[in-house]
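Visitor:
In this note's numbering, the protein residues as written are 200 to 267.
1) Would you be able to state if there are at least three C-beta pairs under 8 Å between the stretch 218–230 and the stretch 240–247?
2) Residue range of the alpha helix (DSSP H) that residue 234 falls in?
3) Out of 231, 251, 227, which has the shortest C-alpha to C-alpha gap to residue 211?
4) Relative to the alpha-carbon of residue 214, which residue among 235, 247, 227, 236 has its alpha-carbon at the smallest distance?
5) Starting from residue 254 and walking both ways along the alpha helix (DSSP H), at which residues does that stretch end?
6) So, helix, strand or coil for residue 211, using DSSP?
So this is what it looks like as structure tokens:
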């Protein structure tokens, strides 16, 4: 049995409480928008990072995008 997950099998996305406050800090060396800082902070959460990686793999390996 393999430890690798099938990239086509969706895993449940992480769910956070509605009132979750993300403690993000903008980078000071140059301009960074609030949205970019928030996304960067969210990707530091391991569950979100894994969810986004799996979504990218599903999208990248989806053969239906190659059909015309």
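Positions of the beta carbon are idealized from the N, C-alpha and C atoms, including for glycine. In this text, all values refer to a predicted model and were calculated from it rather than measured experimentally.
Guide: Here's the rundown:
1) yes
2) 233–241
3) 251
4) 247
5) 245–259
6) coil
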